[in-house]
Amino acid sequence: MSQAFIDALKNPGTMDDSKLDKAAVSRLQNPSTEPATLTPDEDLSVRLFLADTDGSEAIYNKSRDAVMRRNPHNVVLSHHLVKKKIVQLTGIYPLKHDMCPASCMAFTGPWDSLEECKFCSEPRYDQKLLARGVKKARQTFDTYPLGPQIQARYRSPEGARDMRHRHAQMDRILQELRETGRLDRISDIIEGAEFWDAYQHGRIAEDDVCLLFSMDGAQLYEHKASSCWIYIWILIDVSPDKRYKKKYIIPGGIVPGPNKPKHPDSFLFPGFHHVSLLQRDGFRIWDAARRITFTSRPWIFLAEADAIGAPDMTGYVAHHGRLGCRFRCGRLGRRKPGGSHYYAVCIRPTGYSERGCDHDSYDPFNIPDSDPAQYQADLVYLRGATSSTNYEARRLATGISRPSLFSGLSPHHMLPIPRLFPGDIMHVFGLNIPDLMYKLWHGTMDCDTRNGDRKADWGWVFLTGDTWTEHGALVAAARHFLPGSFDRPPRNPAEKISSGYKCWEFLNWFYGIAPALFYGKLPAEYWQHYCKLVAGVRIIFQWETTAAERDDAQQYIGDFVYDFEVLYVEGKVSRFHFVPQCMHAISHTPLETFRVGSLICTAQFTMERTIGDLGAEIRQPSNPFANLAERALRWARDNALKAMIPDLDAERTPAVPLIDLGDGFTLLHAREGFAHGVGDHEDMVIFRYIESLVGTTRARKIWIGEMRCCVQRWARLRLPNRQVCRSAWKEVANGMTRIARNVKVSTN
């Protein structure tokens with residue numbers, strides 16, 4: 002079934018064959034060559050519409066009536082007309098396609114003419130209306146075409162300059178490579194070897210738009226069947242300090258629930274069909290900064306999903322398969338005697354001879370590269386299956402269950418499979434590994450007594466009874482010492498770890514607070530082993546890493562993976578389940594940083610936040626999926642409009658005092674209302690600082706002669722990384738619950 006959709010992508014026809022509005026089709030090849038403008042009344046109407054973030058027509062009309070009552074000369078557009086104006090400006094229309102009411106499949110591509118679901122036989126159309134000759138779909142889903150959203154990004158000089166960040170950086174990157182042969186510091190995707198190699202060899206053209214595809218499932222309501230799937234596009238061409246913000250994210254599509262799709266490719270097809278056409282034919286973009294029109298093509302650099310959703314995207318077997326590594330390094334798993342679940346065990350136990358799993362032990366430091374040619378050969382082998390039994394044998398041998406839909410896109414405008422699919426440090430380090438270690442230390446991991454294991458032999462169990470209770474209380478008490486920049490402080494894990502403990506809580510607890518609190522509690526050899534993981538992960542999660550740090554991370558994590566089996570598995574088949582695929586996946590992460598750049602830039606945090614933001618905007622619980630699709634459409638249009646007319650998104654000048662100190666430092670209110678002197682210790686420190694800059698004589702004149710009695714305290718300081726620290730002057734007086742006055746100062 003997948004191959005039919007892939008073939009349809011390879012031969013996409015014309016843009017007229019899609020359901021894209023004719024005006025939008027025309028704009029893709031003949032974009033406006035003037036900046037977007039609004040009359041004063043249109044500007045007022047649009048600002049009122051944007052201010053009504055809930056999208057309520059009633060609220061907008063009340064605001065409109067109030068404005069027109071105050072000034073009857075203002076002609077404020079109706080809610081219908083202002084939406085029409087925004088659509089006219091942005092050119093963003095949703096593509097609506099029919100789908101199975103049970104979410105099994107979509108009636109797209111090769112299945113466009115079907116009238117019932119191939120999986121559950123549910124009819125496509127409302128049967129009562131069909132009896133009267135009216136074909137009305139029982140359920141539809143929305144796709145938001147990529148082309149018009151990218152065009153909008155270039156319609157203002159500011160937006161066009163944002164989109165050319167990558168161009169400005171590549172000369173610097175290639176110059177460093179010519180001079181040194183490598184990049185010492187890596188802080189972005191474009192500094193990964195895959196990107197700069199593709200760029201310098203001309204595979205990524207200067208006018209291509211580089212993208213990251215991200216997909217994930219979401220449960221809209223905790224106690225109600227409400228699953229849905231969302232995918233987005235992330236603009237790699239934009240600088241990393243901007244690209245992950247809401248206003249730069251491009252919605253791709255919403256797949257309604259309530260059930261998980263049985264054929265995800267059919268839902269992805271409309272968006273991919275649009276991309277395939279753009280890759281083949283190109284589309285025209287007017288650059289408002291350079292005042293030129295050029296032809297561009299979307300270049301898909303990476304495509305990501307979590308471990309559960311990845312098989313739907315990649316076509317690989319699930320993570321518990323014999324070849325379960327999502328990086329396709331070729332490392333084989335091992336299964337227990339008589340079992341079908343494979344585990345990522347490196348060290349072959351003595352006497353272990355399970356057929357197909359009895360390969361030699363291997364070193365986690367020695368990881369083969371993924372090979373696109375081998376993937377294609379495996380795919381050919383899989384397609385040659387002659388029966389269901391033969392297919393299952395070939396699936397086991399290749400680790401592939403079907404070809405990926407990405408195979409239908411232009412191979413000249415994306416990384417080859419499997420290099421297209423990176424790992425995800427958010428889920429593996431933020432959820433999978435902490436959950437695994439917690440279960441071991443808490444003694445709640447399954448004990449395979451059938452194969453001879455006993456919990457009495459588990460010398461690492463320590464998080465139990467009073468120790469666990471006391472530890473949880475200490476974690477909760479640490480909240481006071483974590484500034485707001487740490488986002489969500491971890492709750493008491495002894496009470497809340499089974500109640501929706503969030504990824505960020507796990508990260509702050511497991512890699513931040515716990516190493517110190519576990520000292521003297523976790524037996525020494527296990528604690529030292531755990532600290533290797535912590536040291537490696539702290540490096541991996543850095544925005545910028547040096548070559549030396551990446552080497553350290555590889556050593557730490559490689560040691561952790563190997564020693565984990567020595568300490569916990571101890572060569573026992575009964576403990577194979579201690580080593581799920583995530584334990585192997587983490588050994589790839591240091592090398593992935595070199596390959597695709599800073600891994601914090603490719604993690605699923607953006608996708609998860611998008612799901613949270615869209616879910617929070619739902620205002621119609623009776624029809625959440627339609628409401629979610631409407632919110633995503635508004636998101637796409639609002640973002641495009643603000644990119645076209647940046648003044649609509651201009652930040653207000655704060656009414657409170659602030660001082661820009663330069664180099665990214667800004668003093669923020671409150672400020673003392675009067676000047677005064679300082680104490681002896683402060684006096685000495687300030688004088689010595691000024692003296693180090695201008696010498697003793699001038700320092701005496703500046704400080705003692707002029708400034709000593711002219712000091713005013715400020716409450717807060719914004720740092721270059723946008724974090725805000727506070728001074729004791731206001732923090733102590735106001736009884737702040739989360740301290741933000743401890744800062745790390747680095748001096749050269």
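For the sequence shown, the working numbering begins at 2 and goes up steadily by one.
Backbone N, C-alpha and C define an ideal beta-carbon position, used for all residues, glycine too.
{"Item": "Integer Cβ distance of Pro419 from Phe328, believed to fall under 8 Å", "Value": "7 Å"}
{"Item": "Cβ separation of Arg125 and Asp99, assumed to be a contact under 8 Å, to the nearest whole Å", "Value": "6 Å"}
{"Item": "Secondary structure, alpha helix (DSSP H): runs of 4+ residues fully inside the region 561-607", "Value": "582-586 and 590-597"}
{"Item": "Inside the region 59-123 only - beta strand (DSSP E) runs reaching at least 3 residues", "Value": "96-99"}
{"Item": "Within the region 176-228, ranges of the beta strand (DSSP E) (whole runs, at least 3 residues)", "Value": "210-220"}
{"Item": "Residue of Leu483, Ile646 and Ile691 minimising C-alpha distance to Leu51", "Value": "Ile646"}
{"Item": "Phe295 - DSSP class collapsed to helix/strand/coil", "Value": "strand"}
{"Item": "Cβ distance (whole Å) where Gly203 is taken to contact Phe595 below 8 Å", "Value": "The pair is not a contact, with the Cβ atoms about 22 Å apart (cut-off 8 Å)."}
{"Item": "Proximity below 8 Å, CB of Ser402 to CB of Pro265", "Value": "no"}
{"Item": "Unbroken beta strand (DSSP E) run spanning Phe273, endpoints", "Value": "No beta strand (DSSP E) holds Phe273; the alpha helix (DSSP H) holding it covers Pro265 to Asp282."}
{"Item": "Tyr569 burial status per 10 Å Cβ neighbour count (16 or more: buried)", "Value": "buried"}
{"Item": "Cβ-based neighbour list, Asp661, same chain, cut-off 7 Å, excluding 5 preceding and 5 following", "Value": "Thr667"}
{"Item": "For Val746, three-class secondary structure by DSSP", "Value": "coil"}
{"Item": "Whole-angstrom C-beta distance between Leu659 and Ala633, which should lie under 8 Å", "Value": "Contact flag wrong, Cβ pair sits at about 36 Å."}
{"Item": "Bounding residues of the beta strand (DSSP E) (the contiguous stretch that carries Cys726)", "Value": "Val725 to Arg727"}
{"Item": "Whole-angstrom distance between Tyr232 and Tyr563, CA atom to CA atom", "Value": "36 Å"}
{"Item": "Ala478 - containing alpha helix (DSSP H), residue span", "Value": "Gly466 to Ala478"}
{"Item": "Ser388 versus Asp18: straight-line alpha-carbon distance, rounded", "Value": "36 Å"}
{"Item": "N- and C-terminal bounds of the alpha helix (DSSP H) containing Phe666", "Value": "Not the alpha helix (DSSP H): Phe666 falls in the beta strand (DSSP E), residues Phe666 to Arg672."}
{"Item": "Straight-line gap, Ala479 to Ser46 (C-alpha atoms, nearest Å)", "Value": "48 Å"}
{"Item": "Beta-carbon proximity of Phe268 to Pro259, cut-off 8 Å", "Value": "no"}
{"Item": "Unbroken alpha helix (DSSP H) run spanning Ala627, endpoints", "Value": "Pro625 to Met645"}
{"Item": "Val538 - containing alpha helix (DSSP H), residue span", "Value": "Ala525 to Ile541"}
{"Item": "Neighbour flag for Val210 against chain D, beta carbons, 8 Å", "Value": "No chain D is part of this structure, which consists of one protein chain only."}
{"Item": "For Arg285, the residue or residues it bridges with in DSSP", "Value": "Thr296"}
{"Item": "DSSP-derived helix/strand/coil call for Ile418", "Value": "coil"}
{"Item": "Spatially closest choice to Asp288 from Pro271, Ile151 and Ala345, by CA coordinates", "Value": "Ile151"}
{"Item": "8 Å Cβ cutoff met for Ala24 and Gly92", "Value": "yes"}
{"Item": "Local conformation of Trp730 per DSSP, three classes", "Value": "helix"}
{"Item": "Environment of Ala206 [buried if 16+ CB atoms lie within 10 Å]", "Value": "exposed"}
{"Item": "Ala716 vs Trp730 beta-carbon contact at 8 Å", "Value": "yes"}
{"Item": "First through last residue of the beta strand (DSSP E) which encompasses Pro404", "Value": "Taken as a continuous stretch (DSSP letters only), Pro404 belongs to no beta strand (DSSP E), as it is neither H nor E."}
{"Item": "N-terminal and C-terminal residue of the beta strand (DSSP E) that Asp143 is part of", "Value": "Thr141 to Thr144"}
{"Item": "Nonlocal neighbours in the same chain, by C-beta distance under 6 Å from Gly254, ignoring five residues either side", "Value": "Thr144, Tyr232 and Gly272"}
{"Item": "Member of Pro338, Phe270, Ser588 and His360 whose CA lies at the smallest distance from the CA of Val256", "Value": "Phe270"}
{"Item": "Ser693 versus Ala700: straight-line alpha-carbon distance, rounded", "Value": "9 Å"}
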